[in-house]
Structure formats: structure tokens, C-alpha cells
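A.B. asks: In this note's numbering, the protein residues as written are 63 to 443.
1. Identify the continuous alpha helix (DSSP H) that holds residue 119 and give its terminal residues.
2. Can you pull the DSSP bridge partners for residue 103?
3. Secondary structure at residue 232, three-state DSSP: helix, strand or coil?
4. With distances taken Cα to Cα, identify the nearest neighbour of residue 171 among 207, 143, 156.
5. Would a C-beta distance cut-off of 7 angstroms place residue 276 and residue 254 closer than the cut-off?
6. State buried or exposed for residue 107, treating a residue as buried only when at least 16 other CB atoms are found within 10 Å of its CB.
7. Can you give the beta carbon distance from residue 163 to residue 119, rounded, assuming they're within the 8 angstroms contact cut?
8. Would you mind listing the alpha helix (DSSP H) stretches within the stretch 151–215 that are 4+ residues and don't spill past its ends, in chain order?
9. What would DSSP say about residue 250, mapped onto helix, strand or coil?
10. Suppose you measure from the CA of residue 325 to the CA of residue 240; what does that come to, to the nearest Å?
11. Tell me which same chain residues have a C-beta within less than 8 angstroms of the C-beta of residue 315, skipping the five on either side of it?
12. Along the chain, where does the alpha helix (DSSP H) containing residue 266 start, and where does it finish?
13. Give the single residue among 138, 269, 198, 329 whose Cα lies nearest to the Cα of residue 173.
14. Since I believe residue 220 is in contact with residue 188 (beta carbons under 8 angstroms), could you give me their beta-carbon distance rounded to a whole number of angstroms?
15. Examine the Cβ distances between the stretch 361–373 and the stretch 243–262 and report whether three or more of them are shorter than 8 angstroms.
16. According to DSSP, is residue 147 part of a helix, a strand, or is it coil?
17. Flag this pair as touching only if the stretch 269–287 and the stretch 320–335 have three or more C-beta atom pairs under 8 angstroms; answer yes or no.
18. What is the DSSP secondary structure of residue 307, reduced to helix, strand or coil?
19. Can you list, in chain order, the residues of its chain with a C-beta nearer than 7 angstroms to that of residue 355? Leave out the 5 residues immediately preceding and following it.
20. My understanding is that residue 135 touches residue 159, with C-beta atoms under 8 angstroms, so please give their C-beta distance in whole angstroms.
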């Protein structure tokens, strides 16, 4: 009895010898759907089989799913959304991913298994999505599936991500229309009596996002020191209005332009008058922009007012977000260093500031060409 191996404790798995001479290990492991099932591993020797048993137990201890069979995408994608995306990503990101999984990935690829999914399957599914929607939607679906399968690779459910072998659909880059300086001034004059005038000035002068505007609080503004701190935003997902950290979770403290100080002082006086009129019905939130009863202003209402005032001012219809493009362009026109512009606009990468948001005005192009004429003309003489 001295040479007999001790029995493994409960949950540690078992190793038995098969009739064909090989050894077989059996361990209860976690499945992608959250259940537990028996997983078998085989080896030519007891030591080989024991090493595989220990690898499975390590994954059990770490909570890593180990499917006893190749999981279907209809099993993996919901698990990925709930267990990986939801706890670690923003609610807006989760909502976007969930929409693409529900509307496009599960109907076209849900029956495919992770191991047998091919590049051809992915390409065919994306072509179907593009035919029924747009190239931009198909490109985003490609990105969502690539992210989901990258997570499957990290959890060792598959050895490679076939989506990386499929080229994403081509999408023409968005070219937002910009207002000229004269058009911007015309809009400002038209909006001066609007309740959201201060918000539009912050969008034009500092390039604040819609969510940042409606999430701005008075405690984040110092009108005497002329500073503004941006660290929160408000979003609406599935009918719920909630507060969240800023995009890329980048906090920034900005100097307030003089043209924004007076509108903010007017907004504070206007809000105090609304508070007095509402009385006990007022909902105190410290938000800078509220309704007449103190409730948060919806981002969609900011956009609606912006378009209404644009039509009244007879300037081209653009998005509030395009005001960020305009702010970056004004910074570039003033020869502001791109790194400084990046901090003001709250971008995560300087390439975003340079490639997406900075539109070179025609006046700067003409100035650059005139400089070339002067330099090259001097060399020829």
C-alpha cells in the first residue's frame, strides 16, 4: 500500500489508465455560459496527463472558461458581452456592441463554432450587413467581431483570430462642414438670447463635447480665476440619463476664454431666477445647464436648439460636434502647438488632433504657397 498514489481532493480531477495504454484526466471546468462540465485530457504517460490536469485546474482557479466542445458564437458572444465588456467598458460601448451582436452577428454567424469559423464566413456575413445597411455599419460590425474573438484568443478558446484576415469594408471618411469666421460670428449674434447660449460658446470656444456640456457643474467652474475643469459627462443609454467619466477618461482643466465668461455669468443669474420661480419643485443638481425645474438638459435638445439657431442665422447646418473641428482649426490658425490643442480638446492621441479635427483653412494654404514662391524664387535669381 506504500506505493499507492493518494486520492486527489474533491475538485482536483482524476487520472485513470485507459485500455489502449494511454492516461486520461477528467476535471470539472467553467463553460462560456457560466455552467460547469467535465473536460478530458489525454497523455501517453501519467506525468504528461497530470501536467495537463494541472493546466486545467489553473484555468479553473483563474475563472477562465474552458469549453468541453467548440463553443458556438451564439454562446460566446453573449458571454463576452456580459462577463468581459460590461464590467470593464463604458455603458455606451456595451450598448453599441450589444446592438451589433444582436442585429448582425448572431443572425449571420451565431450557428458557427469558434474553431470552425473561417475568413470566408466572416467576409460573407459582412457583405450581407453592408447590403442591408451601410458600409460604416459593416465596418463597425467587423471591429466588434474582431474584438470579441481577440478576447477568445486571450482566454485560449481559439488559437487565431480569423477576423484579422478579413479586410474591413471601405468607408469614405467623414468630412464635416466648417463655418467660416463670419458665419461663426453670425451664429453667435443670433444665439445670444437663447437659454443654451453659454453652452454654444463653450462648444465653439473650447470644443467641448455635447455630453461634457450637459454634464458640466458649477463646482467645476471658477469664473474669477477663469478656469473650467472637464471630468464628467452625461449620456443616455436605453432611456436612462446617467453621469459618466469623459471619453477616454481624460480629465482636463482649461483656461476660460473671455468670450465665455460673460455668458456663464448670465447663465448663473438666469438659473437663480428659475430656481426662485420653481420653488420647492426645483431639483438641485449643481448642473450648469438645466430645465426650468432643475432637471438635466438632454444632449438631443442641445442639438435641436443648435440646428434651429443655425437655420435662423442662415448658416450651413452642421453638428454640434463639428464645432470641435472648428475650434481645432482656430487653434491651428493661431499657430497653437498641436500638443496644447490635444490637451484642450481632450483627445487621447495627438494623431486624432492632427488628422481628424484640424482642417487647414484656404488662407493658410495660400500663405504657405506664397512662402514657397518667395523661397524658390530667391534661389533662382
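The beta-carbon is built from N, C-alpha and C at its ideal position, and this holds for glycine as well.
C.D. replies: The short version:
1. Its alpha helix (DSSP H) spans residues 108–124.
2. Looking at the DSSP assignment, residue 103 forms a beta bridge with 87.
3. Coil.
4. A check of alpha carbon separations from residue 171 across 207, 143, 156 identifies 207 as the nearest.
5. If you check the CB distance, residue 276 and residue 254 do not come in under 7 angstroms.
6. With fewer than 16 other Cβ atoms within 10 Å, it is exposed.
7. Rounded, the Cβ-Cβ distance is 32 angstroms, inconsistent with contact.
8. Within the stretch 151–215, the alpha helix (DSSP H) runs of at least 4 residues that lie entirely inside it are, in chain order, 153–162, 168–171, 181–194.
9. In the three-state scheme derived from DSSP, where H, G and I count as helix and E and B as strand, residue 250 is classed as helix.
10. Roughly 23 angstroms separates the two Cα atoms.
11. Excluding positions up to five away in sequence, the list reads 289, 290, 291, 292.
12. Its alpha helix (DSSP H) spans residues 259–268.
13. That would be 138, whose Cα lies nearest to the Cα of residue 173.
14. Residue 188 to residue 220, Cβ: 19 angstroms. No contact.
15. The stretch 361–373 vs the stretch 243–262: in contact.
16. In this structure, DSSP gives residue 147 a helical state, which the three-state scheme calls helix.
17. Output reads yes: the stretch 320–335 touches the stretch 269–287.
18. Looking at residue 307 - three-state DSSP - the assignment turns out to be strand.
19. Here the set comprises 340, 343, 344, 345.
20. Contact doesn't hold; Cβ gap of about 14 angstroms is too wide.
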